[in-house]
Amino acid sequence: MSEKTLTLETPHRTAGGLVATGVSAWFGERKVLDRVDLVMEPGRVTALIGPSGCGKSTFLRILNRMHEMIPTASLAGEVALDGEDIYGPGRRLTEVRRRIGMVFQKPNPFPTMSIYDNVTSGLKLSGMRVPDKDALVEQCLRRAGLWNEVNKRLKAPGGALSGGQQQRLCIARSLAVSPEVLLMDEPCSALDPTSTRRIEETIGELAAEVTIVIVTHNMQQAQRVSDTCAFFLAEQDTPGHIVEAGPTTDVFERPADPRTADYVNGRFG
Ligand SMILES: Nc1ncnc2c1ncn2[C@@H]1O[C@H](COP(=O)(O)OP(=O)(O)OP(=O)(O)O)[C@@H](O)[C@H]1O
Numbered sequence: 001m002s003e004k005t006l007t008l009e010t011p012h013r014t015a016g017g018l019v020a021t022g023v024s025a026w027f028g029e030r031k032v033l034d035r036v037d038l039v040m041e042p043g044r045v046t047a048l049i050g051p052s053g054c055g056k057s058t059f060l061r062i063l064n065r066m067h068e069m070i071p072t073a074s075l076a077g078e079v080a081l082d083g084e085d086i087y088g089p090g091r092r093l094t095e096v097r098r099r100i101g102m103v104f105q106k107p108n109p110f111p112t113m114s115i116y117d118n119v120t121s122g123l124k125l126s127g128m129r130v131p132d133k134d135a136l137v138e139q140c141l142r143r144a145g146l147w148n149e150v151n152k153r154l155k156a157p158g159g160a161l162s163g164g165q166q167q168r169l170c171i172a173r174s175l176a177v178s179p180e181v182l183l184m185d186e187p188c189s190a191l192d193p194t195s196t197r198r199i200e201e202t203i204g205e206l207a208a209e210v211t212i213v214i215v216t217h218n219m220q221q222a223q224r225v226s227d228t229c230a231f232f233l234a235e236q237d238t239p240g241h242i243v244e245a246g247p248t249t250d251v252f253e254r255p256a257d258p259r260t261a262d263y264v265n266g267r268f269g
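Structure, rendered in structure tokens:
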């Protein structure tokens, strides 16, 4: 049975759904996203695709309130996690970031910190108390598909791992605080094909438990890992918007818009 089939047959999670409504974004005066609506279903993988500069990363950063860290940045619209606006009054930033984790393009473990401590490093920040840290570390490393490779050297520094292992360590670190959503910004772009495969397997295994939103430039990867796909485009200095979103097979095999067909078939971008 393929991983994809496994994902689809696994009972659907009902928590961890993200819904973006009318999301626009600016850097200074410049509008870079225009009224993006997207439903990211619980326990599914949503891929964001589109040419460079169309606003995919900006949109992803809006989903866990990282966009507001840039001084010139502003936004409009709503992002709801399980029906609650993550930008609503009284919502705590640390709580939003705990529930909606992020894995970046370049693996960024703490290089001199041990593998073990890397995994548990987010707990303090989130104010989480864990009765059995050893069990949590093992569970997170297993879920990230790294346990078998590192269980004999948990005290070794995170920086001593290969790039692909470091990225899986970052995934394990994100999982330690029990997020409902994991955002991934081109998580394989710095990795070789074997490590890429391994991360894709990990995504397939996690998908039933965690809602995943992944930005990727790799069309094959989008097809391999995602259930839903959203095609972003910024045409001739206009802000980025979604041209088309839907089941990944439809977007790739029966796109409704000719621009989507051109992009997924490699005719531009
Ligand atoms: N910190 C920033 N300050 C000003 N403009 C920015 C900033 N970050 C991104 N932009 C601009 O916002 C637009 C969208 O960028 P974004 O990185 O979201 O696109 P992207 O689709 O993720 O691109 P890529 O695929 O190349 O990563 C681009 O025009 C970019 O130049």
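Residue numbers for the sequence shown follow the UniProt record's numbering, so the first one is 1 and each next one is one higher. Yeah, the Cβ is synthetic: ideal placement off N, Cα and C, and Gly gets one too. Source: prediction; values computed, not measured.
- Under the three-state reduction of DSSP output, A261 falls in the helix class.
- Counting every other CB atom within 10 Å of its CB across the protein chains shown gives P109 a total of 16 or more, marking it as buried.
- Take W147, set aside five residues on each side of it, and the residues of its chain with a beta-carbon closer than 7 Å to its own are E138 and L141, in chain order.
- Cβ-Cβ distances below 7 Å link K106 to A190 in the same chain, with the five nearest sequence neighbours on each side left out; the list follows chain order.
- When only Cα atoms are considered, I171 and V103 end up about 7 Å apart.
- For H67, the three-state secondary structure derived from DSSP is helix.
- Considered as a whole, the region 108-178 harbours 115-125, 133-143, 147-150 and 163-175 as its complete alpha helix (DSSP H) runs of no fewer than 4 residues, in chain order.
- Secondary structure of K106 (DSSP, three-state): coil.
- As summarised for the region 193-249, the continuous alpha helix (DSSP H) elements at least 4 residues long and confined to that stretch are 193-206 and 219-225, given in chain order.
- Between the C-alpha atoms of A176 and K133 there is a straight-line separation of about 10 Å.
- With three or more CB-CB distances shorter than 8 Å, the region 243-250 counts as touching the region 225-233.
- Spanning the alpha carbons of G164 and E186 requires a straight line of approximately 13 Å.
- In this structure, F252 is the residue among F252, L154 and S74 with its C-alpha nearest to the C-alpha of Q221.
- By the criterion of at least three beta-carbon pairs nearer than 8 Å, the region 110-117 is in contact with the region 149-160.
- Listed in chain order, the alpha helix (DSSP H) elements of length 4 or more contained wholly in the region 10-82 are 56-62.
- If you ignore the 5 residues before and after A15, its C-beta comes within less than 7 Å of the C-beta of P42, D82 and E180, all in its own chain and listed in chain order.
- In this structure, the straight-line span from the alpha carbon of V96 to that of M128 is close to 14 Å.
- The three-state reading of DSSP puts L93 in helix, counting H, G and I together.
- Between I199 and the set G50, M184, L75 and A25, the nearest pair of CA atoms involves M184.
- For L182, the enclosing beta strand (DSSP E) starts and ends at V181 to D185.
- A direct Cα-to-Cα measurement between E78 and F27 gives close to 18 Å.
- Within the same chain, H67 come within 6 Å of R61 by CB-CB distance, once the 5 residues on both sides are set aside.
- Ranked by Cα distance from Q236, the first of G53, L38, T46 and E29 is G53.
- Distance from the CA atom of Q223 to the CA atom of T211, rounded to whole angstroms, is 17 Å.
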